[in-house]
Every structure is written in structure tokens, then in C-alpha cells.
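To start, the structure itself, in C-alpha cells.
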Amino acid sequence: MKTDENIDFDIQNNVALIGINRPKKLNALSRNMFSKIHNYVAEIDQNRSVRAVIIHSKAARAFGVGADISDWASLAPLEMWRDWVRFGHRIIRDIEELLPPVIAVTNGFTFGGSLELALAADIRIAEKGSQYAFPEVSVGTIPGWMGTQKALQLIGPSKLKKLIFCAQPISADKASAIGLVDDVVPQNKGLPHALELAEQICKSSPVAISLAKQIVNGLAANQPVTALESIASGLAAQTEDGHEGKTSFLEKRAPVFKGF
Numbered sequence: 037m038k039t040d041e042n043i044d045f046d047i048q049n050n051v052a053l054i055g056i057n058r059p060k061k062l063n064a065l066s067r068n069m070f071s072k073i074h075n076y077v078a079e080i081d082q083n084r085s086v087r088a089v090i091i092h093s094k095a096a097r098a099f100g101v102g103a104d105i106s107d108w109a110s111l112a113p114l115e116m117w118r119d120w121v122r123f124g125h126r127i128i129r130d131i132e133e134l135l136p137p138v139i140a141v142t143n144g145f146t147f148g149g150s151l152e153l154a155l156a157a158d159i160r161i162a163e164k165g166s167q168y169a170f171p172e173v174s175v176g177t178i179p180g181w182m183g184t185q186k187a188l189q190l191i192g193p194s195k196l197k198k199l200i201f202c203a204q205p206i207s208a209d210k211a212s213a214i215g216l217v218d219d220v221v222p223q224n225k226g227l228p229h230a231l232e233l234a235e236q237i238c239k240s241s242p243v244a245i246s247l248a249k250q251i252v253n254g255l256a257a258n259q260p261v262t263a264l265e266s267i268a269s270g271l272a273a274q275t276e277d278g279h280e281g282k283t284s285f286l287e288k289r290a291p292v293f294k295g296f
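In the working numbering, the protein residues as written are 37 to 296.
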């Protein structure tokens, strides 16, 4: 196991585990912590043995209370955009675009940027007693790490606006009822449940699962053409005609395509 900047990382039985471990600050995300998560996501992306990813908390009281305000409160507007918003978008996108499925296990307070981190996952597990909120308007800002986009896909505009406008937490059961989380389990049972799901996922074809994930993500984001283009391009390159095209180019001759 690796431990650095309050982020733990391990790979067990083809499952990568990213553990957020800053209990004294209720897992408030510093830029260094987010950067470390980004590094581990990049490591997972290069490791073809990983078939599922779990993001979870190692703090008893919280999955996370969002971005650490002390890290960004004094930033100038352009610094805020460059060092927090833009950087956060990149990490959220990289998590969403990982080939293996990502499971987020949420417990306790799951607020703001930490909720947005959970929304980047494919599956969200909630422990009983968890609370979910977008409190940003109460400090004069709005969700900035793609949370509005992700939550909109899950719960629709009316429920999302209520969640943002009121800035009040909702329970795990309420979050499940509106579609913000998928499974609700007893306290301290989130990680075992996630490991069971990951074990089930690992039994199936990682290629088929990754393709299915890409298609669903593309449809959910109203970008089916992007998903189709990505998959079709990869498949075409590996057909007999695709190999012939590459070989003929390297051999500096005209290609002889066979077709279907």
C-alpha cells in the first residue's frame, strides 16, 4: 500500500483502492490531495490488470466535506480557474473515462467537491447515516467540478436546483430515492459491499464492460456519436483491412483490402 498526502492507494485482486485519509479535516480536499488522486488515476489507466476501482473514505465521519476552503479562499480569479476549477475538471473527466468501472463508497458528510468526486464514479454506495449536499451557494459560489452536469443526468433539473438552492443536506435514503446514489447499506458495510460488486465485475469480460461503459456514458452525456466514433475507430484499426493498411504503408506499397 502507498500512503501520501492523506491518500492511500493499493491494488488487490485486480481491484484498485483509493482511500481518502484526512480525518482531522473531515477529508477536506486540498489541492495536493486532489493531485495525488490524479496521479493514482493515471497509474490505474496504465495498468491493464485493474478491472475495477473503488474510491472510499478512511475517516469514520465523512467521505469528504468538499474542497479545503483554506486552499482556495485567497486565490485571484484566474488562479482559482487555473488551479482549482480547470484542474478539478481534468481529474473528474479522467476518473469518468477510466476503462474499468469506478465505485464510490460514501459515508458521513459527502458535501460539495467530495460529492462531485463521488458523482464521477459509475456506481455510488451510501452508508446509512450519510448526508449529501451542495452547500456552495452558502459561501457565495456554485459547484465547480462538473457536479451540476453529473447530478443533472441522475436526478433531473428540478431536484438538482432544490439541492443547490437550499444548500441543505439530504439523507442516504433520500439520495437513493431521487437517484443520486445506487445502494444504501448499513454503516461500515460500504467497502465490503463495494468489494463484492468489484468481485462480480471482475468475473466478466473487461473489454465488454469498458465498451458498455463508454456507450452508456456517451448516451448519458448526449454524445452518442463521440462514443460510437471512439469504438468504431478502435475496431476498424484491428480488422484485417486495418492491419493491411498499416502494413502496406510501412512497406510502401498499395494496400490490398479484403472488405467484409
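The beta-carbon is built from N, C-alpha and C at its ideal position, and this holds for glycine as well.
These figures come from a predicted structure and were not determined experimentally.
Taking PHE99 as the reference, give the member of GLN204, ASN224, ARG129 with the closest Cα. For the residues GLN204, ASN224, ARG129, the minimum Cα distance to PHE99 belongs to ASN224.
Just the Cα atoms here: how many angstroms apart are PRO113 and ILE191? One alpha carbon belongs to PRO113, the other to ILE191, and they sit about 31 Å apart.
Buried or exposed (CB count within 10 angstroms, at least 16 for buried), PHE147: It is buried - the Cβ of PHE147 has at least 16 other Cβ atoms within 10 Å.
Please say whether ASN63 and ALA95 have beta carbons closer to each other than 7 Å? One thing to note: ALA95 has its Cβ within 7 Å of the Cβ of ASN63.
What is the DSSP secondary structure of ASP104, reduced to helix, strand or coil? In the structure shown, ASP104 sits in coil (DSSP, three-state: anything other than H, G, I, E or B).
Give me the residue from PRO228, ASN50, PRO242 with the minimum Cα distance to VAL141. Measuring from the Cα of VAL141, the nearest candidate turns out to be PRO228.
Backbone secondary structure at ASP307 - three-state DSSP: For the chain, the structure presents residues 37 to 296; residue 307 sits outside this window and is missing.
Give me the Cβ distance between ILE161 and ASP219, rounded to the nearest whole Å; I'm assuming they're in contact under 8 Å. About 5 Å; that satisfies the 8 Å criterion.
Is the CB-CB distance between ASN50 and ARG87 below 7 Å? Closer than 7 Å, so yes.
So for SER93, helix, strand or coil by DSSP? SER93: strand per DSSP, three-state reduction.
DSSP three-state label for SER85, please. Correct three-state label for SER85: coil.
Alpha carbon of GLY176 to alpha carbon of GLN204, nearest angstrom: The alpha-carbon atoms of GLY176 and GLN204 are separated by roughly 15 Å.
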